[in-house]
Amino acid sequence: MLRLSMLCGVVLATLTAQPLLAASTLTLEESIRLALDNDPGFRITEARSAALKEQAVADKALPDPKLKLGLMNFPTDTFERDQEAMTQVQVGIQQMFPAGDSLKYKSERSLSRSRAQDHQSKNQRRKLVRDVRQAWLEWYYWHRAQKVVEENRDLYRNLVRVTESQYAAGRQQQQDVIRAELELGLLDDRLEDIRNKMEEAWAKLARYLGDTPDAMIPPEQFPKLPRPQPLQLDDHPMIQAARSEVEAEQNSVSLARQSYKPSWMLDVTYGGREGVNLDGSQRSDFLSAMVLMDIPLFTGNYQDRKVAAGKQKLQSALYSLKDRKRGLNRQWEESHSRWNSLADRLDRYQERLLPMARENAKSALQGYQSRDAEFSALMRARIMQLDTELKALRLRTDRARVQAQLLYIAGVAQ
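Numbering (the working numbering), first residue to last: 121 to 534.
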């Protein structure tokens, strides 16, 4: 009866233990918000996109005209403006006109690159949400694992006291005392390892959050993530970015083809003269206009090579698009398969193994209380229950982490 009452006291003390210290709760949603507010990564691509949009406007504009000022045919003996009929003070303007539709394709190329940066920014936001989810879930696991082990540690400590008092009264074997102390020591070591891993998990999460207090804990309830939708590769920002890069290279090829067309420049010059003609009339001023044109005659080592280079870059962009599609599809298949596999294993643990482990521990305790089971059987049952609870928690966490990856690939709105 003494052993029964003491063991009942152990269980009651364990179940009614409450934490003494309170800390601020950090939810998954709050972690995501903090990370998005503090991470500069996607803002870099947003700035690049804005810069390329401005560049597209500049690319479509004509080059600045050139002002031309000059003195022509001044006599070197007197430097008088009215001595010679051809002496002029000239002012002119030159305007360059690029070949064909060069300005159009150059501007469209910048716009395509800007769209690629926009999609990259969206992709970085999604990656950040995925990474924060996975880091938070890992932190949650180790925090919950610590709590589970601490609860069992309190029970083990009380069991050590019970076995020591029972041994002192001659109702327990020394081996039981040693076994209880050994299991408590192993549990202390396990708890220390869990605390170290929890600190590592918090450090990984905290680097996304900016300045946050160290005394943070996750909520008790396991977070509920959105269910992954069917994969739509064409809607993924990585694919959209690759497609915009293809468009940019297509515009580069079109731009290179414009070099087969001549660029030209208009030159208009006004020449002012002084003095009189032989018949006594006032010398008239001169107005000159000319057009300068490129003549793309020798295209083998310039225009042809530029077009060929552009085509190779375009082909590279197409290969990159294909590779990204293949990579995302492979990631989806692997993650989805693992997600389903983890769901099956988690169901097995929650529906069968975990209830069986708890029932086994309960039966072992009852058997020990009635002296039908050895103390070692009770310890094995308690250890098995602890391992089963931690494994079920690990499976649930791993499945949620894989689900975060699926949400990133499927592109569920964050």
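Even for Gly, the Cβ is constructed at its ideal location relative to N, Cα and C.
- Between the stretch 520-531 and the stretch 437-457 there are three or more inter-stretch CB-CB distances shorter than 8 angstroms, so the stretches are counted as touching.
- Short of 7 angstroms from the beta carbon of leucine 412, and not among the five residues preceding or following it, lie these beta carbons of its own chain, in chain order: Trp384, Met385 and Asp387.
- Under the three-pair Cβ rule at 8 angstroms, the stretch 239-247 does not count as touching the stretch 484-491.
- Within its own chain, the residues whose Cβ lies closer than 6 angstroms to the Cβ of glutamate 369, once the five positions on either side in sequence are excluded, are Lys433, Leu434 and Ala437, listed in chain order.
- Within the same chain, Cβ atoms closer than 8 angstroms to the Cβ of lysine 317 are found at Trp262, the five residues on either side in sequence being excluded.
- Non-local beta-carbon contacts of leucine 353 in its own chain, meaning distances under 8 angstroms to residues more than five positions away in sequence, involve Ile359, Lys445, Leu448 and Asn449 in chain order.
- With respect to tryptophan 459, arginine 519 sits close: the two C-beta atoms are nearer than 8 angstroms.
- For alanine 409, the enclosing beta strand (DSSP E) has its first and last residue at 406-413.
- Residue range 208-217 is occupied by the beta strand (DSSP E) that includes phenylalanine 217.
- A direct Cα-to-Cα measurement between serine 144 and alanine 335 gives close to 7 angstroms.
- If the five residues before and after glutamate 312 are omitted, its C-beta is found closer than 6 angstroms to no C-beta atom of its own chain.
- One Cα belongs to aspartate 184, the other to isoleucine 213, and the distance between them is close to 10 angstroms.
- About 4 angstroms separates the CB atoms of tyrosine 260 and proline 338; that is less than 8 angstroms, so the two are in contact.
- Runs of alpha helix (DSSP H) with 4 or more residues, each lying fully within the stretch 433-503, are found at 474-489, listed in chain order.
- When secondary structure is reduced to three states using DSSP, glutamine 402 falls in the strand class.
- When only Cα atoms are considered, isoleucine 164 and leucine 474 end up about 48 angstroms apart.
- In the three-state DSSP reduction, glycine 430 falls in the helix class (H, G or I).
- Remark: C-beta atoms of threonine 419 and tyrosine 390 do not approach each other more closely than 8 angstroms.
- When the alpha-carbon of alanine 236 is set against those of Arg521, Leu441, Arg465 and Ala481, the nearest one is in Leu441.
- According to DSSP, lysine 188 shares a beta bridge with Gly212.
- Taking every protein chain shown into account, the CB of aspartate 309 has fewer than 16 other CB atoms within 10 angstroms, so this residue is exposed.
- Counting along the chain, tyrosine 328 sits inside the alpha helix (DSSP H) bounded by residues 294-329.
- Of the candidates Leu146, Pro333, Ser496 and Leu156, Ser496 places its Cα closest to the Cα of aspartate 296.
- Taking the CA atoms as reference points, glutamate 204 sits about 16 angstroms from glycine 190.
- Non-local beta-carbon contacts of alanine 323 in its own chain, meaning distances under 7 angstroms to residues more than five positions away in sequence, are absent.
- Of the candidates Val209, Gln240 and Arg363, Gln240 places its Cα closest to the Cα of glycine 161.
- Taken in chain order, the complete alpha helix (DSSP H) segments of 4 residues or longer contained in the stretch 153-205 are 161-179.
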